[in-house]
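Protein sequences appear in the order of chains A and B.
For the first sequence, my numbering assigns the number 13 to the initial residue and increments by one for each residue that follows.
For the second sequence, my numbering assigns the number 13 to the initial residue and increments by one for each residue that follows.
Structure first, then comments.
There are 2 protein chains.
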Amino acid sequence: MTAQKKGAGGKQPTINDVAALAGVSKKTVSRVINRSEFLTEKTRKAVEQAIETLGFVPNPQARALAFRRNFLIALLHDNPNAQTVLNFQQGVLDAIKDSDLALLVRPVDRGSDGMLGDVRTFLEKQRPIGALLLPPISENDDLAALCEDLGVRYVRIGSAPLDDAKHCVSSNDREVVAEAVRALIALGHRRIGFVRGPVGFRSAAEREKGFMEALAEAGLDLPASFNAPGNYRYTAGIEAGEALLSLPEPPTAIFCSNDEMAAGVMSVAHAKRIDVPGALSIIGFDDSPTATHIWPALSTVRWPIREMGVRAAKTLVPDFLPLATKVDERDNGVLNSTFIQRQSVAPPQS
Amino acid sequence: MTAQKKGAGGKQPTINDVAALAGVSKKTVSRVINRSEFLTEKTRKAVEQAIETLGFVPNPQARALAFRRNFLIALLHDNPNAQTVLNFQQGVLDAIKDSDLALLVRPVDRGSDGMLGDVRTFLEKQRPIGALLLPPISENDDLAALCEDLGVRYVRIGSAPLDDAKHCVSSNDREVVAEAVRALIALGHRRIGFVRGPVGFRSAAEREKGFMEALAEAGLDLPASFNAPGNYRYTAGIEAGEALLSLPEPPTAIFCSNDEMAAGVMSVAHAKRIDVPGALSIIGFDDSPTATHIWPALSTVRWPIREMGVRAAKTLVPDFLPLATKVDERDNGVLNSTFIQRQSVAPPQS
DNA sequence: GTCATTTTGGTAACCGGTGTCAATATTGCC
DNA sequence: GGCAATATTGACACCGGTTACCAAAATGAC
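Here it is in structure tokens:
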């Protein structure tokens, strides 16, 4: 029972009450709150005792005003994938759990003209210590510049380093995509299709690079007809599936740049009575809930999104985190994604 | 171009700067900010002009301190469904868009012992104006009592009224489930299975009631073997599917209490080569992304979650919202869910 | 024109913390 | 013991707004 029950009407005790009770000045209490090192053990104990007795909780608004900084960090995201956002968010919360920080969430409308202005207004009004930028908006350099300009720290999350390690946490998507495609090749696949991500997305480019690398290693090439455009949406997967699976000699395996599009391709396969994985292997990317909710379960690449949230928070506000299991200076901020094998992949028929 | 570009180092202008420029006292500026009525048109214009020129943004921390209240509202959620949380969140943000409010997000671990204590600590530390409780934690009366005790307003979101209208926004799930089941019956289905939600969840109970109502109306009953337990997870859907579809006389249609379980049932049908919807119709609930990402697309019930977010915010903090399209006093806080027909439903065979 | 009443603007105190810097222990060293 | 160096603590202004209260100006009644 650490929580002291206060009568509903009873006012919250202030630092002055604590100071009076402990017989010290409010500044000393402030020092205890902020874990100043220049304190006698005896004084500290006395103050802590008084805090405990009164059930004192420092007023964050007052602190924020005095510190000229809010104890808030902002999570800026466009929402391509709700589960990703929430997992990341959970990671951030894991990291700031025992700190004084709280998390502000702010969806951003990537498309809109006023986007930059909106974010500026938001940051000016809330003045968070820092901002975390989730992809795809993390790829927007103007946003990073805006944070810089406003003196708001920032960390960008990406599928490959977007910035120096102080400002970026990323995963090694390219390598893992290559690994996944190598697995297809090892099974005997030679006609492998590709469904691209949206133009201009770094994540899409990385996945494509990984795919191409694996193909090149094996001396295979990608016919234009096997290379379908996409935009990370289910409907794009449907279109790509229609296109690739209507070819006279369709691919025996298709790598899709994300799970939703893979689900679309799989739907087309079902509609065309093409057996998955017997006649067609499919791989996606993200390990979204969809990956395990479709049948057969989708092989995919999981990026360590929650862990990236933890890492991002530690990178953003190391000085506000308790006992901060510090991020190694020499760390480059790259975390490992994993290729996950499920039932959607098998050797090609005969 | 409302945003004024400030040099990076340049300090944020304060109310004093505005007062000086406009040639009035800070009190007058404060009156303008807070839309006081006792002001000459001329004075107000002058102050607004100065604010515009300086790009002044009132410091929310200072206001919060002076007002003795934070301009924050908290969203407390356990995460059964990421998309739901995010959609609701979006609705809340729509509602508070032009206010001074910001949204704090706080996942809650329903299972953990310290849950109540954690939430208490959070609320005491952040002191938000109010809290929004998403299901399933909205069903926890202790949480509501805690808010009451701490003087934090709250609104509970539920599948049926959980509280008086001042504290609750809900949808009419029961009716719409009944409607969906009636649709099955109208198509000719007589052997209809049911996959329940988790025990103790209000939402699960409501969906079950709706299902039973429709059956009763048609003079049908639910054999025990057609009534499968579930917990809203995909794996529960798999188990339920295995059970129901292995019966000598399996149901021709199955209503699942949520989409994930419906996806599980559908996977089993695919594995057993049972044609959906030819030999088996399936209906889910939630209209989650999964519903449209599986094949065939799932008929389901969509609850107006984003709109509920808007409504919840309006109910929680009507006094902080601009021109608040006020919630009608006579409104009971119930919004309408919708039955959505997709490809997973058809008449029973022969 | 004078007095009472209503509007408006100004001053000072305050919200609950923190920074600065000086004042007061405490310790080390000769 | 005396003095310098160092460790602790406190006084006070200040963060950027708000309210309380008062004074000045404007308006209306006689």
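Just so you know, even glycine gets a beta-carbon here, dropped at the ideal spot from N, CA and C.
With 16 other Cβ atoms within 10 Å as the buried cut-off, status of residue i
{"i": "E53/B", "result": "exposed"}
{"i": "A236/B", "result": "exposed"}
{"i": "P330/A", "result": "exposed"}
{"i": "S183/B", "result": "buried"}
{"i": "T264/B", "result": "buried"}
{"i": "K178/A", "result": "exposed"}
{"i": "E229/B", "result": "exposed"}
{"i": "L256/B", "result": "buried"}
{"i": "L259/A", "result": "exposed"}
{"i": "A78/B", "result": "exposed"}
{"i": "G231/A", "result": "exposed"}
{"i": "P334/B", "result": "exposed"}
{"i": "D298/A", "result": "buried"}
{"i": "P241/B", "result": "exposed"}
{"i": "E251/B", "result": "buried"}
{"i": "T96/A", "result": "buried"}
{"i": "N28/A", "result": "exposed"}
{"i": "G21/A", "result": "Since pLDDT at G21/A reaches only 44, below the 50 mark, its modelled position is unreliable, and no value is offered."}
{"i": "Q138/A", "result": "buried"}
{"i": "N71/B", "result": "buried"}
{"i": "T247/A", "result": "exposed"}
{"i": "E218/A", "result": "buried"}
Residue range of the unbroken alpha helix (DSSP H) whose run includes residue i
{"i": "P301/A", "result": "P301 to H305"}
{"i": "L155/A", "result": "D153 to L162"}
{"i": "S215/B", "result": "R214 to E229"}
{"i": "L135/A", "result": "M127 to Q138"}
{"i": "L66/A", "result": "E53 to L66"}
{"i": "I197/A", "result": "D185 to A198"}
{"i": "L77/A", "result": "P72 to F79"}
{"i": "Y244/A", "result": "Here Y244/A belongs to no alpha helix (DSSP H), and DSSP marks it neither H nor E."}
Residue i - containing beta strand (DSSP E), residue span
{"i": "L88/B", "result": "L84 to H89"}
{"i": "T350/A", "result": "T350 to I352"}
{"i": "R118/B", "result": "A114 to P119"}
{"i": "S269/B", "result": "Element bounds for S269/B: n/a, residue is neither H nor E."}
{"i": "T96/B", "result": "Run containing T96/B: none in the beta strand (DSSP E); it sits in the alpha helix (DSSP H), A94 to I108."}
{"i": "G205/B", "result": "I204 to V207"}
Length of the line joining the Cα atoms of residue i and residue j
{"i": "E225/A", "j": "A190/A", "result": "6 Å"}
{"i": "A216/A", "j": "P210/A", "result": "6 Å"}
{"i": "Q353/B", "j": "D185/B", "result": "16 Å"}
{"i": "V188/A", "j": "L227/A", "result": "13 Å"}
{"i": "R318/A", "j": "Q102/A", "result": "6 Å"}
{"i": "G276/B", "j": "G142/B", "result": "38 Å"}
{"i": "D125/B", "j": "K221/B", "result": "31 Å"}
{"i": "V207/B", "j": "D161/A", "result": "55 Å"}
{"i": "E49/A", "j": "K326/B", "result": "46 Å"}
{"i": "S311/A", "j": "G296/A", "result": "6 Å"}
{"i": "D106/B", "j": "N99/B", "result": "10 Å"}
{"i": "W307/B", "j": "R47/B", "result": "55 Å"}
{"i": "A192/A", "j": "R314/A", "result": "11 Å"}
{"i": "V288/B", "j": "M127/B", "result": "42 Å"}
{"i": "Y166/A", "j": "A172/B", "result": "42 Å"}
{"i": "F347/A", "j": "I169/A", "result": "It is Leu, not Phe, that sits at residue 347/A in the sequence shown. Each residue's alpha carbon lies about 11 Å from the other."}
{"i": "V164/A", "j": "V181/A", "result": "17 Å"}
{"i": "F134/A", "j": "F213/A", "result": "25 Å"}
{"i": "D121/B", "j": "I108/A", "result": "16 Å"}
{"i": "G205/B", "j": "G249/B", "result": "12 Å"}
{"i": "V44/A", "j": "L328/B", "result": "36 Å"}
CB-CB length for residue i against residue j, believed under 8 Å
{"i": "M278/B", "j": "Y244/B", "result": "Not a contact, Cβ separation roughly 16 Å."}
{"i": "A358/B", "j": "S293/B", "result": "6 Å"}
{"i": "V59/B", "j": "V30/B", "result": "7 Å"}
Residue i beta carbon near the ligand ADP (any heavy atom closer than 7 Å)
{"i": "V30/B", "result": "No copy of the ligand ADP appears in this structure; indeed no ligand is present at all."}
Contact the stretch 198–208 of chain A vs the stretch 150–161 of chain A: 3+ CB pairs below 8 Å: no
At least three beta-carbon pairs within less than 8 Å, the stretch 265–274 of chain A to the stretch 314–329 of chain A: no
Sufficient close CB pairs (3 or more, under 8 Å) joining the stretch 79–95 of chain B to the stretch 110–128 of chain B: yes
Contact the stretch 92–104 of chain B vs the stretch 64–84 of chain B: 3+ CB pairs below 8 Å: no
contact_flag[the stretch 30–41 of chain B, the stretch 55–71 of chain B] where n(CB pairs < 8 Å) is 3 or more: yes
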